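Okay, structure first, notes after.
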Amino acid sequence: MEKKSLARIIRISLLIVFLGAIAALGAAYYYYQIIFGPSLPKEKEQITLYLKEAPSLEQLADSLSEKAWLKDKANFVWVGQKMKFKGRAGRYILEDTLSSYYQLFAQLRKGQSPVRFTFNNLRLPQQLAGLLGQELAYDSLAYWEAMQKADFMAQNQLNPQTLMTLFIPNTYELYWNISPEEFVDRMKKEHNKFWKSNNRLALADSLGLSPAEVYTLASIVDAESNYGPEKARIAGVYLNRLKSKSWKLEADPTVVFAQGDFSIRRVTREMLEIDSPYNTYKYAGLPPGPIRMASRQAIDAVLKAEKHNYWFFCAKPPEEGQPAQHAFARNSAEHGRNARTYQRWLNQQKIYR
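In my numbering, the protein residues as written are -7 to 345.
Quick look at the structure:
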């Protein structure tokens, strides 16, 4: 009798263990599916999350739900808690190939996706601040104020006129939530790296110019021509004039800058009378700072300017299918003929200013 009772107890115990194991396996499978299974909607699009502050799991769930990326917010939060996930501010690109909560949290843990930020061909630093405000987390005023901070200017030998020389055009990878102060510090590092490479500092010194002065002259070269092959020749003309005690720079783009009207296509005699330190017909030497953002190509064109005997240049009437180019001259007689040819074309086109 006792043997039968013992056998029964053993059978019941084994059954309980078996059922418990089945239940445990079922629960394990259930939770495995929640964490690693296809828990995200199949029909979803790649999204970019912009998180200005470190979000809680609940806030992150709300953001993802708004973009139709979650089936069950409670399960998402539970998985995040089990994975000890801590949200961080930033910009995150989530590919539509992600299928599980585990993959989603793993992607978020990798860190934010950088922004590829490109700037070039700008006239004023305020325009750069405007672009930053459009592409990054802070508004344009915050970036503009960081650029103008007196202590930053003093530490980097800058002033409002030379501020633009800090910015070397390029495509930079930046974090979306980079602070304005971090941005200007990054630009200073990029500026230094640019000038320390390719022997640029030594080349500037050989011209008797500082990097800021090279940049300023390059900005004038850029304003004169978009045609790369002649930039070094134009730079050579201006360097000839700078070295001469009897010459002023006499660069038309500086007069346009002084006028503050960038729609001007023809500089008139009256415009040459404007009293501005940027008027290089009136004041000798370089203007106080660049008249626009200088391209890397123009900076290198100044550093490796052509050595020649040209003192003048004038735009040529455009030819169909050809880039705008200039006629160069060694004396005023040659230049006069070139100028009259171009002036006749301007008159024919009814371009008077």
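Cβ atoms here follow ideal geometry from the backbone N, Cα and C, with glycine treated the same way.
It should be emphasised that the depicted structure is a prediction, and the values quoted were computed from it without experimental measurement.
Between the alpha carbons of Glu216 and Pro245 lies a distance of about 7 Å. In the structure shown, Glu165 falls within a strand segment according to DSSP collapsed to helix, strand and coil.
In the displayed model, Ala321 falls within a strand according to three-state DSSP. For Thr40, the enclosing beta strand (DSSP E) starts and ends at 39 to 43. The beta carbons of Ala316 and Asn330 sit about 14 Å from each other, so the pair does not count as a contact at 8 Å. Annotation for Gly122: the continuous alpha helix (DSSP H) segment containing it runs 117 to 127.
The C-beta of Thr157 has 16 or more other C-beta atoms within 10 Å across all chains shown, which makes the residue buried. Across the structure, Gln119 and Ala134 are spaced so that their CA atoms are roughly 13 Å apart.
Within the same chain, and ignoring the five residues on either side of Ile160 in sequence, the residues whose Cβ sits closer than 7 Å to its Cβ are Glu182, His183, Phe186, Arg288. About 6 Å separates the beta carbon of Pro203 from that of Ala196, a gap short enough to meet the 8 Å contact definition. Of the residues assessed, Leu150 falls on the buried side of the cut-off, its CB having 16 or more other CB atoms within 10 angstroms. Ala307 sits in a strand when the DSSP states are folded into three classes.
Contact check between the segment 102 to 121 and the segment 55 to 71: fewer than three CB pairs, one atom from each, fall below 8 Å, which does not count as touching. For the alpha helix (DSSP H) assignment, the uninterrupted runs of no fewer than 4 residues enclosed by the segment 252 to 314 are, from N- to C-terminal side, 288 to 295. If you look at Thr110, you'll find it in the beta strand (DSSP E) that goes 107 to 111. DSSP places Gly72 inside the alpha helix (DSSP H), whose first and last residues are 65 to 74.
With fewer than 16 neighbouring CB atoms inside 10 Å of its own CB, Phe254 falls in the exposed class. Of the candidates Lys308, Phe28, Glu35, the residue whose Cα lies closest to the Cα of Arg336 is Lys308. Within the same chain, Pro172 come within 6 Å of Tyr130 by CB-CB distance, once the 5 residues on both sides are set aside. Partner residues in the beta bridge of Ile85, as assigned by DSSP, are Thr40. DSSP places Pro172 within a helical segment (H, G or I) once states are collapsed to three. Proximity to Pro269 across Gly79, Pro280, Thr154, Trp70 peaks at Pro280, based on C-alpha coordinates. When rounded, the separation of the alpha-carbon atoms in Val294 and Asn301 is 16 Å. Closest by C-alpha distance to Lys180, out of Tyr164, Asn190, Lys223, is Tyr164. For Asp131, the three-state secondary structure derived from DSSP is coil. If you look at Pro203, you'll find it in the alpha helix (DSSP H) that goes 203 to 216. For the pair Val69 and Leu49, the CB atoms are nearer than the 8 Å cut-off. Within the same chain, Cβ atoms closer than 7 Å to the Cβ of Val248 are found at Phe254, Ile256, Val259, the five residues on either side in sequence being excluded.
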